[in-house]
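The next block holds one structure in the form of structure tokens; read it before the comments.
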Amino acid sequence: MRMSKIVRTGSDLMYPFIFIFGWYVIMHGHLTPGGGFQGGAVVATGAALVIVAYSYQEVNAMIKKAILMFQESGGLVLFIGAGLAGMILGFPFFYNWLANSGSLFGMSVIPGPNPGELNTAGFLPLMNIAVGTEVWGGLTIVILYMLSGVEKEGI
Amino acid sequence: MFWNLPYISVVLLTLIGISIIILKKNLIKIFMGVNILTSAVNLFIIAVGYRDGGIAPIYTNAPSTNMVLPTPQALCLTSIVIGVATTALLLTFAMLLYRTYGTTDVDKIRELRE
Amino acid sequence: MAFDLTLLTGSGFWNPFFWLISIVVALILIYIIYAFGEKGYKRGTQQVKPFISGNPEPSKAGVHVRAGNLYWGYMDALKVYYAGLVPIHSGILTDYLLWLFSVAAILFVLVVLL
Amino acid sequence: MKKYLAVIVILIITSFMFIIGIDFVFGAPANSDMDDYFIEHGQEQIATNNIVTTVVFDYRGFDTLGESTVLFTAVIGVAMMFRKLGEGD
Amino acid sequence: MITDFLLHHTPALLVAVPLLGAFLTPIIGRISPIVRKIWVMGTMTLTSAIAVLLVYLVYTRGTFVYVFGALTPGLAIPPDSGGIPIRIIFTVDPMGAFMDLIVAVVGFCVILYSLSGDEKRTGLHYFYTLFLLLITSVLGMVSTGDLFNFFVFIEISSLASAGLVAFSVEQGRAVEAGLKYFMISTMGGIFLLFAIGILYGQYNALNIAMIAERMQFTSLDKIALVLMVVALAMKCGAVPLHFWTPDAYSLAPSTITAMLVVVSQASLYGLFRFVFTLYNLTLNYVTIGWVIIILGVLSMVIGVTMAIPQKDVKRLMAYHAVSQTGYMLLGVGVGLAVLGNQAALDTYGFIAIEGGLFHIINHALYKGLLFLTAGAIIYRIGTRDLNKMGGLGHSMKYTMIFFMIGALAIAGIPPFNGFASKLLIYESVYLFNPLLAIIAMVVSILTLASFVKVFHSIFMGPTLPEYSKVREAPPAMLIGMGILAVLIIAFGFFPQLVVDSLVAPAAHALINQGSYISAILGGA
Amino acid sequence: MIELLAHGLVLFGLIVSAIMVFYMQDLLAAALASGLFSFLISLEFYILQAPDVAISQAGIGAGLTTAIFIIAIRGTKRFEEGHR
Chain A
1 MRMSKIVRTG SDLMYPFIFI FGWYVIMHGH LTPGGGFQGG AVVATGAALV IVAYSYQEVN
61 AMIKKAILMF QESGGLVLFI GAGLAGMILG FPFFYNWLAN SGSLFGMSVI PGPNPGELNT
121 AGFLPLMNIA VGTEVWGGLT IVILYMLSGV EKEGI
Chain B
1 MFWNLPYISV VLLTLIGISI IILKKNLIKI FMGVNILTSA VNLFIIAVGY RDGGIAPIYT
61 NAPSTNMVLP TPQALCLTSI VIGVATTALL LTFAMLLYRT YGTTDVDKIR ELRE
Chain C
1 MAFDLTLLTG SGFWNPFFWL ISIVVALILI YIIYAFGEKG YKRGTQQVKP FISGNPEPSK
61 AGVHVRAGNL YWGYMDALKV YYAGLVPIHS GILTDYLLWL FSVAAILFVL VVLL
Chain D
1 MKKYLAVIVI LIITSFMFII GIDFVFGAPA NSDMDDYFIE HGQEQIATNN IVTTVVFDYR
61 GFDTLGESTV LFTAVIGVAM MFRKLGEGD
Chain E
1 MITDFLLHHT PALLVAVPLL GAFLTPIIGR ISPIVRKIWV MGTMTLTSAI AVLLVYLVYT
61 RGTFVYVFGA LTPGLAIPPD SGGIPIRIIF TVDPMGAFMD LIVAVVGFCV ILYSLSGDEK
121 RTGLHYFYTL FLLLITSVLG MVSTGDLFNF FVFIEISSLA SAGLVAFSVE QGRAVEAGLK
181 YFMISTMGGI FLLFAIGILY GQYNALNIAM IAERMQFTSL DKIALVLMVV ALAMKCGAVP
241 LHFWTPDAYS LAPSTITAML VVVSQASLYG LFRFVFTLYN LTLNYVTIGW VIIILGVLSM
301 VIGVTMAIPQ KDVKRLMAYH AVSQTGYMLL GVGVGLAVLG NQAALDTYGF IAIEGGLFHI
361 INHALYKGLL FLTAGAIIYR IGTRDLNKMG GLGHSMKYTM IFFMIGALAI AGIPPFNGFA
421 SKLLIYESVY LFNPLLAIIA MVVSILTLAS FVKVFHSIFM GPTLPEYSKV REAPPAMLIG
481 MGILAVLIIA FGFFPQLVVD SLVAPAAHAL INQGSYISAI LGGA
Chain F
1 MIELLAHGLV LFGLIVSAIM VFYMQDLLAA ALASGLFSFL ISLEFYILQA PDVAISQAGI
61 GAGLTTAIFI IAIRGTKRFE EGHR
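Residue numbers (the working numbering), protein chains in the order written: chain A, 1 to 155; chain B, 1 to 114; chain C, 1 to 114; chain D, 1 to 89; chain E, 1 to 524; chain F, 1 to 84.
Following this line, the structure appears as structure tokens:
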């Protein structure tokens, strides 16, 4: 199944904005509503838009499933690695070893309502990125594989 | 009683979800019922954590500190992602079954019995 | 013995050692019966063949009793029981889900009301 | 026959579910000490403004690991089932 | 330094190591089959070693508490929180450690077995990924002290095992079995989530110990209890919620079937944990005890009677698994029904619980062994229909011996381990209600009868012409089965040692709600 | 008052769309009704002050779940048994 040229051009134009919005949601997860799951889902929805606009064969030539699988595994390894790194540094598993440390993402905040600062929250942004990568890859690969099941039937 | 509106809708949605699951015969329809049931449970969990006049538990430019409970929202996020994973796997099963059995009617997918 | 073999069961006990003794006794009995056997037996001669009223002996593989023929009498005696039990395993997914919900309903009545 | 049984079962379950609909009071949680702790201390301990994210990734971070694992499992499952049909592996 | 590290973070490593292994398997598994085998085997060996270490620590030092994300992992309650646990806590008491041991042993044997005989299959890196995820989920389920975490792990186990059941997608029947199993498990998961929501809404806590301390047993709690009992009884395959069991067990690869037995044991653990630790005496324990007893009796009788006419070897064994689950439910249910009566608990209730728990480990061992032998036979002759088998005893001698050990153990013939645990159950249940004990004995006899049938139709008789070229199972399979067989014999010869050192602490931990609560909340 | 009205309206819409899922025999229409249901429930989450969950439900529930439902309907068949 192949959509018309208008739809494809539209999806081409839309995709960068959806992508940027998704990554905004991921990166500001600790300040505004959102986070890894939500942002990853938004990016994956954008990918779904592209996949729907083009035919499966064209998308399959564009994106390799192995790369998406690698991306998904990589996100998860980053996620669990952030937890394990604390253990190597002498803290318990999943201890937030970056929070209030002054280094990367280590600024403190004043309690109470405030506009917030991006460079806070310890390893939470790292985990947001990891989860965002994982959800993006995972949901896209689910759609691709399910479409592969449809297309072989010739429907 | 009137203020319990979300809980009452949870009960009604549970009723509809269970009805779809038991009474309908099409696999895809049954999975939609599962989706409705999951959403009903999610709504229930969120409703449990609501406080009258509370705001979302986000300090960024929040006007006050009377906040709704954050844990139900965390649980609900988890359950939504679990729901989509479950739905994807279930639909995969349905598609593969259609390939071999040529139907999505549960009355006809019964080679395994006794 | 470093470990106490006896298993205490509150009102009784069990020791695998008794089982070992009984096995030894059984082996001795087997040997005694074996010793009473016919001395003139020779393998691979006509002596081994059974005599079935002069009919030729069927091949070994042909007389193997297959699983479906075992316990025929048992199955025949309990025909009524199995006629009620087997159709329950109907293979229909919604039936199984209905069982799940029925058990939930029964337990609701039992536990919440009692 | 089976349909009537199904309707009866659904009605029984729903009538018991109404206990839930009546016993809980909407808008006034019976108990909120754990969540009050998150709201009060979450910001200074983790330096995060979004308490939900704090709960998701820090206080209950292990759940989130499990949740990502569920998604991973589903992806692997879907990929495994379509393995003959997709090209490559 | 490294031992210090291991001793402090054992529960975290128990889950983190197989998870990391599973995440990397899809990447590493692509390199080559040899690398994949080494990787999976190494991960599983490490996991088993950590589990055994954890079991040792728990049995020598008492309950192991590990708080995820706190600065001091042993401190369940932060000082500024006002006496409430706020983070996810792993509470490994002897009961949980007991289950960890089962998972470690059976998982190790199964992975050893699966090293050979998988050349015919495709998509093996997916298979091993899901396998490691399944191991992780079971280890997490039995170690966790947090309700929602339990739900997450049970969902992982549902997804992973459903995928593995449908692993042979080329046969539509496997997909059908996977669908039925997964659909019913999903409903169970929704029930469980609903129950967790109810408990959370009332008590604002997710930690089992915390909820147990605040438990008031309102009608909402009763609803939550019913939802949990139904969901977990379904997962462990108790009649009349057992319909997925024969389908899933018979069509999964044999290695996975052996693991599915362990998964259902873990669900059984969850059922016992919730009933004993979460509710204990606050609940109407006599009613719920009788509910569990009736589920157990139904499972025993219907499971074994459905098993006898089966023609598929694995389907028959699956019905026996249902039947054996009934023994555990019966034993522990009797213990639960007399929980408030101290005199009865001392005379027979505690022994009934011991018997039920001892039967869990025995069942995991011999049922795992039986499914593995069935897998070896199916691997060699390519059919699972009992009517087509016969005379295999001539060519597969070791498999026959292992099958015989497993069959005699499941039928409760001395001196194998099944007899010891069944004896405990019979004698204690007889004091509770003689009728139940008689039913249990009759079921045991029927089990023996049906295994005589299986043994006769698979191994006895002359060599059939179509199987004249069948060879013995590969050595890796034999080693995997051999470890289980040796354990069965050892458990049969030293039952009192096992009961005293492994089972009795677990049973004490199960019925002693106070010690579980005080391990988390301190004092009290 | 207006909030209460909106709240009630959303809940009413939820139940109506769930009943639509029950009665639609065209599975594609039922999938779209299910998407509408997801969207309404995300609105309800927003009303209940859970913006995180609302975004998540809108992206995952209303967007992706509907998409995979439609893909699955394309891979199987469009109408329920007994249709016409």
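Even for Gly, the Cβ is constructed at its ideal location relative to N, Cα and C. Predicted model, so just to flag it, every value in this text is computed and none were measured.
- Only residues of its own chain outside the window of five on either side were considered, and among them 59 have a CB closer than 8 Å to the CB of residue 501(E), listed in chain order.
- Taking each of 260(E), 317(E), 223(E) in turn and checking the Cα distance to residue 284(E), the smallest one comes out for 223(E).
- When CB distances to chain B are screened at a threshold of 9 Å, the residues of the stretch 90-114 of chain C falling below it are 90, 91, 92, 93, 94, 95, 97, 98, 101, in chain order.
- Residue 72(E) counts as exposed, since fewer than 16 other C-beta atoms from the protein chains shown sit within 10 angstroms of its C-beta.
- For residue 66(F), the uninterrupted alpha helix (DSSP H) run begins and ends at 66-75, by DSSP.
- Listed in chain order, the positions of the stretch 78-91 of chain B with a beta carbon within less than 8 Å of a beta carbon of chain F are 80, 81, 83, 84, 87, 88, 91.
- The beta carbon of residue 277(E) is closer than 7 Å to those of 208, 212, 513, 516 in its chain, skipping five residues each way along the sequence.
- The beta carbon of residue 22(B) sits closer than 7 Å to some beta carbon of chain C.
- The continuous alpha helix (DSSP H) containing residue 94(C) extends over residues 93-107.
- Residue 9(C) is not a Cβ neighbour of residue 193(E), given a cutoff of 7 Å.
- At a cut-off of 7 Å between C-beta atoms, residue 24(D) does not count as an interface residue with respect to chain C.
- For residue 30(E), the closest alpha carbon among the candidates 75(E), 7(E), 126(E) is that of 126(E).
- Residue 37(A): member of the alpha helix (DSSP H) spanning 36-53, first to last residue.
- Along the stretch 42-76 of chain B, the positions whose C-beta sits under 9 Å from a C-beta of chain A are 56, 58, 59, 60, 61, 62, 63, 64, 65, read in chain order.
- Shown here for residue 70(F): same chain residues with a beta carbon closer than 8 Å to its own, the five before and five after excluded, namely 28, 31 in chain order.
- Separation of residue 475(E) and residue 392(E) (C-alpha to C-alpha, rounded to the nearest whole angstrom) is 17 Å.
- For residue 109(A), the three-state secondary structure derived from DSSP is coil.
- Shown here, residue 416(E) sits in coil according to DSSP, grouped into three states, outside any helix or strand.
- Apart from the 5 residues on each side of it in sequence, residue 44(A) sits with its Cβ closer than 7 Å to the Cβ of 135, 136, 139, 140 in its chain, given in chain order.
- For the stretch 44-76 of chain D, residues whose beta-carbon sits nearer than 8 Å to a beta-carbon of chain E comprise 58, 59, 60, 61, 62, 63, 65, 66, 67, 69, 70, 72, 73, 74, 76.
- Under DSSP, residue 8(C) shares a beta bridge with 13(C).
- Chain B has a Cβ within less than 7 Å of the Cβ of residue 193(E).
- Taking a 10 Å sphere around the C-beta of residue 187(E), we find 16 or more other C-beta atoms and assign the residue as buried.
- For residue 50(B), no alpha helix (DSSP H) encloses it, and the DSSP letter there is neither H nor E.
- Residue 1(E) counts as exposed, since fewer than 16 other beta carbons sit within 10 angstroms of its beta carbon.
- Around residue 30(D), the beta-carbon contacts reaching into chain E at under 9 Å are 201, 202, 203, 204.
- Closer than 8 Å at the C-beta level to chain B, one finds these residues of the stretch 18-35 of chain F: 18, 19, 21, 22, 27, 30, 31, 34.
- For residue 399(E), the uninterrupted alpha helix (DSSP H) segment begins and ends at 397-410.
- Residue 99(A) and residue 242(E) have their alpha carbons spaced roughly 49 Å apart.
- Within the stretch 116-128 of chain A, not one residue has a Cβ closer than 9 Å to any Cβ of chain E.
- In the three-state scheme derived from DSSP, where H, G and I count as helix and E and B as strand, residue 25(D) is classed as coil.
- Below 8 Å, too few C-beta pairs join the stretch 39-46 of chain D and the stretch 42-52 of chain B to call them touching: fewer than three.
- Going by DSSP, residue 91(E) is part of the beta strand (DSSP E) stretching over 89-92.
- Bounds of the alpha helix (DSSP H) holding residue 79(A) are 65-88.
- Taking 7 Å as the threshold, the shortest C-beta distance from residue 284(E) to chain D does not fall below it.
- Interface annotation, residue 155(E): in contact with chain D, CB-CB separation under 7 Å.
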